[in-house]
Amino acid sequence: MLQADYYLAIQQIRYLTSAQNNLKVSFVSSNKTNIVLNVKNPLNVSVTIYNITGDYVYLQKPYVIPPNSNKNVVLIVTNFLGLANNVKNNNESLTISLRILNTTISEVETL
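Residue 1053 is where the sequence shown starts when you use the numbering used here, and the numbers rise one by one after that.
Given below as structure tokens:
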């Protein structure tokens, strides 16, 4: 049993390393109330985006991106001028929470 748990842990680390290098996010569209991003998952396991939050944006619901597919993700903008000003000043930090297999990871990105 311990060997199986060890194998699963190694597999999860590989997926996490691969996800950080391979998940592709591209801009689709935006307006004063939302931002649409396309997330491409090239992995052979599903990735769940649980949360994305910033000073002026948030994710309204989790998104599951199936293996080898892509999906549009909608961020809600709470203050367009505040967001624009923070982005202009490289001061908008987004906290992103993902789940791959049985592991949840969080990362902070600055726009």
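From the three backbone atoms N, C-alpha and C, an ideal C-beta is built for every residue, glycine too.
Who are the Cβ neighbours of residue i in its own chain at under 7 Å, not counting the five residues just before and after it?
i, result
"residue 1140", "none"
"residue 1107", "1134, 1138 and 1144"
"residue 1086", "1126, 1127, 1128 and 1129"
Report the three-state DSSP secondary structure of residue i (helix, strand or coil).
i, result
"residue 1140", "helix"
"residue 1120", "coil"
"residue 1069", "Note that residue 1069 scores a pLDDT of 48, beneath 50, so its modelled location is shaky; the value from the coordinates is reported in the next line. If DSSP states are grouped into helix, strand and coil, residue 1069 belongs with the helices."
For residue i, write down the residues that DSSP places opposite it in a beta bridge.
i, result
"residue 1147", "1105 and 1160"
"residue 1092", "1076 and 1122"
In chain order, what residues of the same chain lie with their CB nearer than 6 Å to the CB of residue i, ignoring the 5 residues before and after it?
i, result
"residue 1094", "1074"
Note down, in chain order, each residue of its chain lying with its Cβ closer than 8 Å to the Cβ of residue i, except the 5 sequence neighbours on either side.
i, result
"residue 1162", "1142, 1143, 1144, 1145 and 1146"
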